[in-house]
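Just so you know, the numbering used here puts 232 at position 49 of the sequence shown, and the rest follows in order with no gaps. Backbone N, C-alpha and C define an ideal beta-carbon position, used for all residues, glycine too. Input: a single structure, listed below in structure tokens.
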Amino acid sequence: GCLVCLGQDDISDAYYPYGRNSMLEVAFLASHLLWMTTAAEMETLYDMITTKA
Numbered sequence: 184g185c186l187v188c189l190g191q192d193d194i195s196d197a198y199y200p201y202g203r204n205s206m207l208e209v210a211f212l213a214s215h216l217l218w219m220t221t222a223a224e225m226e227t228l229y230d231m232i233t234t235k236a
């Protein structure tokens, strides 16, 4: 299999002026978009922006 991670490459640019280079914010948004709200799923989200990225 392959690892899947989260990221953000638009930081205060013309395409997405709201980017703040905050991986915790990316995980926060992903938790809502992907309905990952249990404790185990939140751990997975944290892994997706740190050790498993």
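Its chain contains 186 as the residues whose beta carbon lies nearer than 6 Å to that of residue 235, once the 5 sequence neighbours on both sides are disregarded; these appear in chain order. Judged by beta-carbon spacing, residue 212 lies beyond the 8 Å limit of residue 219, meaning their Cβ atoms are not closer than that value. In the three-state scheme derived from DSSP, where H, G and I count as helix and E and B as strand, residue 234 is classed as coil.
Straight across, the Cα-Cα distance linking residue 188 with residue 204 is about 15 Å. Measuring C-alpha to C-alpha distances from residue 232 to each of 196, 217 and 208 identifies 208 as the nearest.
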